[in-house]
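Remember, this note's numbering sits 64 above the position in the sequence shown when you count from 1. Everything on this sheet refers to the single structure shown next.
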Amino acid sequence: MTTLNPAAPAARRSDRLARFWRGRAEDAPWVRPAFLGLLAATGLLYLWNLSASGYANSFYSAAVQAGGESWKAFFFGSLDAANAITVDKPPAALWPMALSVRLFGLGSWQILVPEVLMGVASVGVLYAAVRRRFGAGAGLIAGLVLALTPVAALMFRFNNPDALLALLMTVAAYGVLRALEGGPGAVKWLMGAGVAFGFAFLAKTLQAFLILPPLALVYAVCAPGGLGRRIRDLALAGLALLVSAGWWVALVELWPASSRPYVGGSQNNSFLELTFGYNGLGRINGNETGSVGGGGGPGGSAGGGRWGETGVGRMFNDAVGGQISWLLPAALLLLVAGLVVTRRAPRTDTARSAFLVWGGALLITLAVFSFMAGIFHEYYTIALAPYVAALVGMGASVLWEERTRFAASAALAVTAAVTAWWAWTLLGRTPDWLPWLRWTVLVAGAVAALGLLVSGRVDRRLGLAAAGLGLAAGLAGPFAYTLATVDTGHQGSIVTAGPSGGRGPGGFGGRMPGGFGGRMPEGGQGGQDGQMPGGFDGQGQGQSQGQGQGQGQSQVPGGTPPQGTPQGMPQGGFQGSRGERPGFGGGGGGGMGGLLNGANVGAEAKAALLKDAGSYTWVAATVGAQNAASYQLATEKPVMAIGGFNGSDPSPTLAQFKQYVAEGRIHYFIGSGEGNGGGPGGPGGNSEISAWVAATFEKTTVGSATFYDLTKEK
């Protein structure tokens, strides 16, 4: 007879908990607690003050709200639950947030916490990838560098697709590294990397494939086994990629256009056109039909254009440097050092393969970002963060093991000195912000470099102290920038990390003074509904058009009005003839309202839209997605975004819009009024809709917004 022991389940749970905390038996006792502490600290850092960003990028938040209401909108990535038009990306990045909203309701935390979890997961995957070959110390350094990269702290707390893209690229690199180890499961790891690439494509289209060539080449050359086997493995991984990305693309392309939403960002209602045009080659050559001022080539002088100066110095300039480049020189130096140390290793050496994988990913992404003539924003550089972090962790570990050789200790010393000097340079771009930190970093880095140079032949404890001081000096600058980033909210379509004033001139930063391009002034002051504080009259003048306290109340958590900046807004702004913006009609006030920012939805406007809302498919329509998103998030009812993100997509046509109105499916048209973009004479071909509405229906002022009741003709 078997005697049951009621204490056994509790004992087993206790054993599992102890093993979880202790980790592998062969690890030092500090390894697992340090790793878990890194993950916990990253999560707490990224959760800090999270709701200050409200709905962050209201463009994507509106699509998340729609996906939380409608499974069809969820599948296509529609901007509204009635499925008028999609966002200008595939929808994978929206799916985790939409599921969160479906489970827990609409709110800032429900939207942004999934992004935070992606950041924690990225740190964990990177640690696992680095520690397998280079040890726990290298993995912890890599994870710490990633967590404290300012642009990573920005985007893992924001709702753009870049957070999921960075996670999946890290997972793909990890899968390739596991496959390079060989063994019976190698092809499964490589196919797993293919799946990661496929879903990354469904997050941000062709950017997912930037690192595919170097990773495939490294596997083809360095993987164990014969050449035929390696080619077969790559073919199977390619098939996994094709299936994981292609199922959604095939369904969208085969779905009858009449029963699905218009593909936002395209000119012909085609996802393939969007992929290879606006989101593809257009990003490289600058010929982006459908963007603000786009479609005409890169323009500007040699080496520059609408999106800033291109060239090898782009990642280090005033606008981008503080986002990503703190440890970029160190990563490049350590990449060279790692390849030199492993130069005589066998073809299948996993250490050299790791340097080639992470280094290849870094170099090709650097090259594309540095020379692309199309739309480029600073936050794109989060894609570089895992590669930089991995190379720093691996390179430091390899040189530390070789420190008794003068060349290795000298390389460590040079790396520490260059990193400190570059941090001193970057901190000098914000001279009034923590001025003491700049010189502290420089002195600490110099002392660390001297200690690393002599410690290899003197004393191990001195070497550890010098290495710790060098690491602290190298991370002090990005850590301070990261703290400044998490301490403030970020809204809009173009956001930047770091302290206010931490980016150089020539761009619409997400945290510019006066709320320009994404951050409201202290106290939440604004102009009229949908207008920027301080105004911008479309002629490059700083004339105020909405002075004083905004009349409407914010509908987002944290009290910050939802705002947005157009995805196609060039650095430094632009002017057309007589100061008019290219592609904009003559009517409509409010400068760039609705493109640079969404509307501040007042109580009267919200009440009007909610009245009899159940009788209409769309409670309102307006030109441009940011305005539509603001009203949709305030009411949680579908609002049609005429023309998509930039207001330049040919959807709906005038005939289609007239039919919707005749069928009684749209209640209001929200016009320009006091600063609401997209009124009569709106962008591109949609000016026809605006003009027809103005000529046919009576306008009224609701709060400070201009409404046209589409059920009441003049």
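Where is the CB? At the ideal position from N, CA and C, for every residue including glycine. Predicted model, so just to flag it, every value in this text is computed and none were measured.
For this session: Work out the CA separation of A272 and W311 for me, nearest whole Å.
Result: Rounded to the nearest angstrom, the two C-alpha atoms are 16 Å apart.
Exercise. Between V313 and F335, which are expected to be in contact by the criterion C-beta below 8 Å, what is the C-beta distance as a whole number of angstroms?
Worked result: Contact holds; Cβ gap of about 6 Å.
For this session: Note down, in chain order, each residue of its chain lying with its Cβ closer than 6 Å to the Cβ of D152, except the 5 sequence neighbours on either side.
Result: Cβ within range, chain order: G328, G329 and F709.
Exercise. Considering D226, what are the terminal residues of the alpha helix (DSSP H) in which it resides?
Worked result: D226 to L244 is the span of the alpha helix (DSSP H), which, as asked, contains D226.
Problem set entry | Rounded C-alpha distance that separates W410 from I295 | First, the residue type needs correcting, since residue 410 is Pro and not Trp in the sequence shown. Taking the straight line joining both Cα atoms gives about 20 Å.
For this session: To the nearest angstrom, report how far apart A284 and A243 are at their CA atoms.
Result: CA-CA distance, A284 to A243, rounds to 11 Å.
Problem set entry | For W682, the first and last residue of its enclosing beta strand (DSSP E) | Where W682 is concerned, the enclosing beta strand (DSSP E) stretches over W682 to V687.
Exercise. Exposed or buried, what is A530 when buried is set at 16 or more other beta-carbons lying within 10 Å of its beta-carbon?
Worked result: By the 10 Å Cβ count, A530 comes out buried.
For this session: Give the secondary structure of V703 by DSSP, where H, G and I count as helix, E and B as strand, and everything else as coil.
Result: Strand.
Exercise. Secondary structure at A508, three-state DSSP: helix, strand or coil?
Worked result: Taken through DSSP and simplified to helix, strand or coil, A508 comes out as helix.
Problem set entry | Strand pairing of S142, partner residues [DSSP] | According to DSSP, S142 bridges with T150.
For this session: For G239, collect the residues of the same chain with a Cβ closer than 7 Å to its Cβ; drop the 5 residues on either side in sequence, then sort them by chain order.
Result: Answer for G239: W253, L254, G256, A257 and A260, listed in chain order.
Exercise. For A540 versus G562, is the C-beta distance shorter than 8 Å?
Worked result: Cβ distance not < 8 Å, so A540 and G562 don't count as in contact.
Exercise. Using the C-alpha atoms, what's the distance from L490 back to Y545?
Worked result: When rounded, the separation of the alpha-carbon atoms in Y545 and L490 is 11 Å.
Exercise. Quick one: any contact between the segment 182 to 197 and the segment 97 to 107, if contact means 3 or more CB pairs under 8 Å?
Worked result: A contact exists between the segment 182 to 197 and the segment 97 to 107.
For this session: Tell me F761's beta-bridge partners as DSSP assigns them.
Result: As DSSP reads the structure, F761 sits in a beta bridge with E777.
Problem set entry | Distance between E133 and L463 (C-alpha atoms, nearest Å) | When rounded, the distance between both Cα atoms is 54 Å.
Exercise. Taking all protein chains shown into account, do 16 or more other C-beta atoms lie within 10 angstroms of the C-beta of D496, making it buried, or fewer, making it exposed?
Worked result: Counting C-beta atoms within 10 angstroms of its own C-beta, D496 has fewer than 16 neighbours from the protein chains shown and is therefore classed as exposed.
For this session: Go ahead and label N332 buried or exposed: buried means 16 or more other beta carbons lie within 10 angstroms of its beta carbon, across all protein chains shown.
Result: When all chains shown are included, N332 counts as exposed.
Exercise. By Cβ distance below 6 Å, which residues in the same chain neighbour V482 in space, the five residues on each side in sequence not counted?
Worked result: Spatial neighbours of V482 in its own chain (CB-CB distance under 6 Å, excluding positions within 5 residues in sequence) are listed in chain order as P393.
Exercise. Taking the alpha-carbon positions, what's the I734 to E700 distance?
Worked result: Looking at the two C-alpha atoms, the distance is approximately 16 Å.
Exercise. Can you name the start and end residues of the alpha helix (DSSP H) that I388 belongs to?
Worked result: Counting along the chain, the unbroken alpha helix (DSSP H) around I388 starts and ends at G385 to I388.
Problem set entry | P386 versus P716: straight-line alpha-carbon distance, rounded | As written in the sequence, residue 386 is Gly, which differs from the Pro given in the question. Those two C-alpha atoms are separated by around 41 Å.
For this session: Quick one: using the 10 Å Cβ neighbour count with 16 as the cut-off for buried, is D523 buried or exposed?
Result: The residue is exposed, with fewer than 16 neighbouring Cβ atoms inside 10 Å.
Exercise. In terms of DSSP beta bridges, what is A472 paired with?
Worked result: For A472, DSSP records no beta bridge to any residue.
Exercise. With a CB to CB cut of under 6 Å and the five nearest residues on each side skipped, what residues in its chain are close to F435?
Worked result: The beta carbon of F435 lies closer than 6 Å to those of T374 in the same chain, with the five residues before and after it left out.
Exercise. Does DSSP put I205 in a helix, in a strand, or in coil?
Worked result: Helix at I205.
Exercise. In this structure, what does DSSP give as the bridge partners for S772?
Worked result: First, the amino acid is wrong: residue 772 is Tyr here, not Ser. Y772 is bridged to F733 and K763.
For this session: Note down the Cα distance separating L228 from A157, rounded to an integer number of angstroms.
Result: L228 and A157: Cα-Cα distance of roughly 6 Å.
For this session: Drop a sphere of 10 angstroms on the beta-carbon of V215, count the other beta-carbons inside from all chains shown, and report buried for 16 or more, exposed for fewer.
Result: It counts as buried.
Exercise. What does a CB cutoff of less than 8 Å around M379 pick up in its chain, not counting 5 residues either side in sequence?
Worked result: Excluding the 5 residues flanking it on each side, M379 has same chain C-beta neighbours closer than 8 Å at G385, I388, S389, L392, L430, F433, S434, T445 and L448, in chain order.
Exercise. Cα separation between S754 and N224?
Worked result: A straight line joining the alpha-carbon of S754 with that of N224 spans about 30 Å.
For this session: Just confirm the distance between the C-beta atoms of N121 and F222, as a whole number of angstroms; I'd bet it's less than 8 Å.
Result: Contact between N121 and F222 holds: their C-beta atoms lie close to 7 Å from each other, under 8 Å.
Problem set entry | Residues near D773 in its chain [Cβ-Cβ closer than 8 Å; skip 5 each side] | Here the set comprises H731, Y732, F761, E762 and T764.
For this session: Label L81 either buried or exposed according to how many other C-beta atoms from any shown protein chain fall within 10 Å of its C-beta, with 16 as the threshold for buried.
Result: It is exposed - the Cβ of L81 has fewer than 16 other Cβ atoms within 10 Å.
Problem set entry | D551 versus V184 - alpha carbon distance | Taking the straight line from one Cα to the other gives about 18 Å.
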